[in-house]
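Sequence order for the protein chains is W and X. The first sequence lines up with residues 178 to 191 when you count with the working numbering. The second sequence lines up with residues 2 to 258 when you count with the working numbering.
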Amino acid sequence: KMKQKSLMSFFGKK
Amino acid sequence: MLEAKLSEAALLKRLLDAVKELVSDANFECNEEGIQLQAMDNSHVALVSVKLYASGFKRYRCDRPLPLGVNLGSLTKVLKCAKDDDICTLKAGDDADILSLTYEAKSAYADRIAEYEMKLMDIDADQLGIPDTDYDASVTMPSSEFLRIVRDLSLLGESVRIEVSKEGIRFVSDGEAANGNILIKQNAEASGKKKGSIEMNSAVTLTFSLKYLVNFSKSSSLSKKVQLMMSNDVPLLVSYAFNQGHIRYYLAPKIGD
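Put into structure tokens, the structure is as follows:
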């Protein structure tokens, strides 16, 4: 099973 | 205030088509460099980033940074009222309450000028800082080809595995009832004219949700080429460049448990 990652775990808030 | 005159409304129509299913509201950040939009979809899986350069407009004036909070559904409706080849002028005052759009057309019998106004809104959205990334693989291909591949594979399954190797780039979909894979070889050239390129520092394998890629492919009307930038375990960058700017999408990968 694959799990969808969130973009927030790669890109930080400005 | 903002005053921005585009030589053809078609550009905005296509951009809206390429964004509106991903995000419903977004800030158009206007400044002297041009107009920018950055927004994530509700599930925080995909991000779209649009840039229109000031130089891409017939006339462009923006005295100070101005965020225009736009409901994309409303803007789509107002843009439907424009003909593709109408000259389109966007105007907003410093209070950023109203966006006015003027469509000018010269027909055989008279000049037509149509004016529309739409309400703007306050949008409180987080802006993400996207780090500069040296990607391990960069693939440029005809945007129509990419559209075809993701649309075809989306019929079979929810996900696509993208593998970039010395062999080329391979798109693999393992559906419950059927599977398929499409390989584009490194040396794909037609009649001496280079259609695309594959550059790779190291092999990359990533898995993505196809519904987003199908969505991104709506940008095919904006550019004949698409560039895919990939590194293992980082978001995919899908980039379409056109004369007046670019549209870029970032998509978080699916990762095995």
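For each residue, glycine too, the CB sits at the ideal point set by N, CA and C.
Worksheet item: Among residues of its own chain, excluding the 5 on either side of X/E33, which ones have a beta-carbon nearer than 6 angstroms to its beta-carbon?
Response: C63
Fill in: Distance CB(X/K255)-CB(X/S210) smaller than 8 angstroms
It is a contact, given that the beta carbons lie within the stated cut-off.
Worksheet item: When the Cβ atoms of the segment 131-144 of chain X are set against those of the segment 226-239 of chain X, are three or more pairs found closer than 8 angstroms?
Response: yes
Worksheet item: Thinking C-alpha only, which one of X/S56, X/L12, X/L157, X/N28 is nearest X/P66?
Response: X/N28
Worksheet item: Taking the alpha helix (DSSP H) that X/R62 falls in, what are its first and last residues?
Response: No alpha helix (DSSP H) contains X/R62, which is instead part of the beta strand (DSSP E) from 60-63.
Item to complete: Keeping to the same chain, check which residues put their C-beta closer than 7 angstroms to that of X/D175; ignore five residues upstream and five downstream.
Response: G158
Fill in: Terminal residues of the beta strand (DSSP E) in which X/N28 lies
26-32
Worksheet item: Candidates X/L53, X/S232, X/K6: which alpha carbon is nearest X/A242's?
Response: Looking at the Cα atoms, X/L53 is the closest of the given residues.
Worksheet item: Under 8 angstroms between C-beta atoms, does X/Q37 make it to chain W?
Response: Chain W contact via Cβ: absent.
Worksheet item: Which residue comes first and which comes last in the beta strand (DSSP E) that contains X/I163?
Response: 160-166
Fill in: Minimum Cβ-Cβ distance from X/Q128 to chain W less than 8 angstroms
yes
Worksheet entry | Contact the segment 83-99 of chain X vs the segment 4-24 of chain X: 3+ CB pairs below 8 angstroms | yes
Worksheet item: For the segment 42-123 of chain X, which segments carrying the alpha helix (DSSP H) assignment without a break, of at least 4 residues, lie completely within its bounds, in sequence order?
Response: Complete alpha helix (DSSP H) runs here, min 4: 73-81.
Worksheet entry | Residues near X/E177 by beta carbon distance below 8 angstroms, same chain, minus five either side | Correct list, in chain order: G158.
Worksheet item: When burial is assigned at 16 or more other CB atoms within 10 Å of the CB, is X/E118 buried or exposed?
Response: exposed
Worksheet entry | Close beta carbons around X/Y213, own chain, < 6 angstroms, minus the five adjacent residues each side | A47, L252
Worksheet entry | CA-to-CA distance, X/M122 to X/K14, given in whole angstroms | 20 angstroms
Worksheet item: Should X/V235 be flagged as near chain W, meaning a C-beta pair shorter than 8 angstroms?
Response: yes
Worksheet entry | Amino acids of chain W, ordered along the chain, whose beta-carbon sits closer than 9 angstroms to that of X/G257 | K178, M179, K180
Worksheet entry | Residues that X/L48 contacts on chain W, provided the C-beta gap is smaller than 9 angstroms | L184, F188
Worksheet item: By Cβ distance below 7 angstroms, which residues in the same chain neighbour X/I150 in space, the five residues on each side in sequence not counted?
Response: Once the five neighbours on either side are set aside, the close Cβ partners of X/I150 are F172, I183.
Worksheet item: Can you find a C-beta in chain W that's less than 8 angstroms from the C-beta of X/T208?
Response: yes
Discussion item. Any C-beta of chain W within less than 9 angstroms: which residues of the segment 238-254 of chain X qualify?
Written reply: Within the segment 238-254 of chain X, the residues whose Cβ lies closer than 9 angstroms to any Cβ of chain W are, in chain order, Y251, L252, A253, P254.
Fill in: Rounded straight-line distance, which links the Cα of X/L12 to that of X/M2
Straight-line Cα distance between these residues: approximately 22 angstroms.
Worksheet item: Out of curiosity, what's the CA-to-CA distance linking X/K120 and X/V165?
Response: 46 angstroms
Item to complete: Note down the Cα distance separating X/Y104 from X/D96, rounded to an integer number of angstroms.
Response: 23 angstroms
Discussion item. Looking at the secondary structure, which residues open and close the beta strand (DSSP E) in which X/Y213 lies?
Written reply: It is not in any beta strand (DSSP E) - X/Y213 instead sits in the alpha helix (DSSP H) that spans 211-217.
Practice prompt. Using 10 angstroms around the beta-carbon of X/Q128, count the other beta-carbons present and answer buried if the total reaches 16, otherwise exposed.
Written response: Result: exposed.
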